[in-house]
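> 1 is the number of the first residue of the sequence shown in full-length UniProt numbering; add one for each residue after it.
Think of the CB as a built atom: it goes at the ideal place given N, C-alpha and C, for glycine as much as any other residue.
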Amino acid sequence: NSNKIKYNDEKGTTVLRIYVRIFALANIYKIDQLQNLTAAKYDKAVEEISHIQDVFNSIPDIYGLIPDFVRIFREIAIMAVRIKFGHQFAAVCAKNSKGKNEIIAYNVMVFLDTDIIGIFEFIKDLLNFYIRIPLLGNYFNYNI
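1) So what's T13 in DSSP terms, helix, strand or just coil?
2) Distance, Cα to Cα, I52 vs D61?
3) Considering only C-alpha positions, which residue in the set E48, D125 and L16 is nearest to R71?
4) Compute the distance between the beta-carbons of A45 and Y19, then report whether it is under 8 Å.
5) Given a threshold of 16 other Cβ atoms within 10 Å of its Cβ, counted over all protein chains shown, does K84 qualify as buried or as exposed?
6) Helix, strand or coil for Y19, going by three-state DSSP, please let me know.
7) Kindly indicate which residue of D68, A40 and T14 has the alpha-carbon position closest to the one of F120.
8) On the DSSP letters alone, give me the boundaries of the alpha helix (DSSP H) that Y29 sits inside.
9) Rounded to the nearest angstrom, what separates D54 and V15 at their Cα positions?
10) Taking the continuous alpha helix (DSSP H) assigned at D68, which residues delimit it?
11) From K41 to Y29, what distance separates their C-alpha atoms?
12) So what does DSSP say about I78, is it helix, strand or coil?
13) Taking the Cβ atom as the reference point for each residue, do F73 and A26 lie within a distance shorter than 8 Å?
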């Protein structure tokens with residue numbers, strides 16, 4: 001599959017990070033069509049990934065290379081984190097109700113151990129997203 005996340009020679013650089021970098025350049029040079037194309041490709045690639053770490057790896061580029069007022073990549077990444085964590089939690093709950101709290105705690109710890117925890121703006125945006133659109137009831141039934 002040509003849409004699988006691929007790594008290039010630079011350690012940890014994925015297709016997601018390349019899309020962010022292309023978007024940042026297109027933003028600097030005001031190439032709207034390229035911005036729209038890379039945002040759409042990033043969104044599609046995020047939907048197809050199976051490992052949330054690939055999204056995490058793109059977050060420093062999103063917050064470091066793209067101006068604050070350009071929100072599209074931030075919103076896609078935040079939604080992806082929310083959805084991927086939701087799916088992981090739902091899968092765990094479906095398999096086994098015992099140890100659910102430990103698995104939730106483990107997922108949170110894995111998240112906190114990533115390098116993106118140093119990106120305060122991402123954490124703030126993620127929390128703000130949960131405040132604006134809270135999880136109600138059994139959230140894994142709502143496909144979020």
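Considering the structure as presented:
1) Taking the first residue of the sequence shown as 1, we reach residue 13 at position 13. T13 falls in the coil class under three-state DSSP.
2) Counting from 1 along the sequence shown, the entry for residue 52 is found at position 52. Counting from 1 along the sequence shown, the entry for residue 61 is found at position 61. One C-alpha to the other measures close to 16 Å.
3) In the sequence shown, counting from the first residue as 1, residue 71 sits at position 71. The option with the nearest alpha carbon to R71 is D125.
4) Numbered from its first residue, the sequence shown carries residue 45 at position 45. Numbered from its first residue, the sequence shown carries residue 19 at position 19. Yes; because the gap between Cβ atoms is below 8 Å, this pair is in contact.
5) Taking the first residue of the sequence shown as position 1, residue 84 is located at position 84. Flag for K84 reads buried.
6) Stepping through the sequence shown from its first residue, residue 19 is reached at position 19. Three-state DSSP puts Y19 in a helix.
7) Against the sequence shown, residue 120 aligns to sequence position 120. F120 has its Cα closest to that of D68, out of D68, A40 and T14.
8) Stepping through the sequence shown from its first residue, residue 29 is reached at position 29. Here Y29 belongs to no alpha helix (DSSP H), and DSSP marks it neither H nor E.
9) Taking the sequence shown and counting its residues from 1, one reaches residue 54 at position 54. Taking the sequence shown and counting its residues from 1, one reaches residue 15 at position 15. Each residue's alpha carbon lies about 9 Å from the other.
10) Position 68 of the sequence shown, counting from 1, holds the residue named residue 68. Element bounds for D68: n/a, residue is neither H nor E.
11) Here residue 41 corresponds to residue number 41 of the sequence shown, with the count starting at 1. Here residue 29 corresponds to residue number 29 of the sequence shown, with the count starting at 1. Distance between the alpha carbons of K41 and Y29: 19 Å.
12) Here the question's residue 78 lines up with position 78 in the sequence shown. Looking at I78 - three-state DSSP - the assignment turns out to be helix.
13) By 1-based counting over the sequence shown, the position of residue 73 is 73. By 1-based counting over the sequence shown, the position of residue 26 is 26. Not closer than 8 Å, so no.
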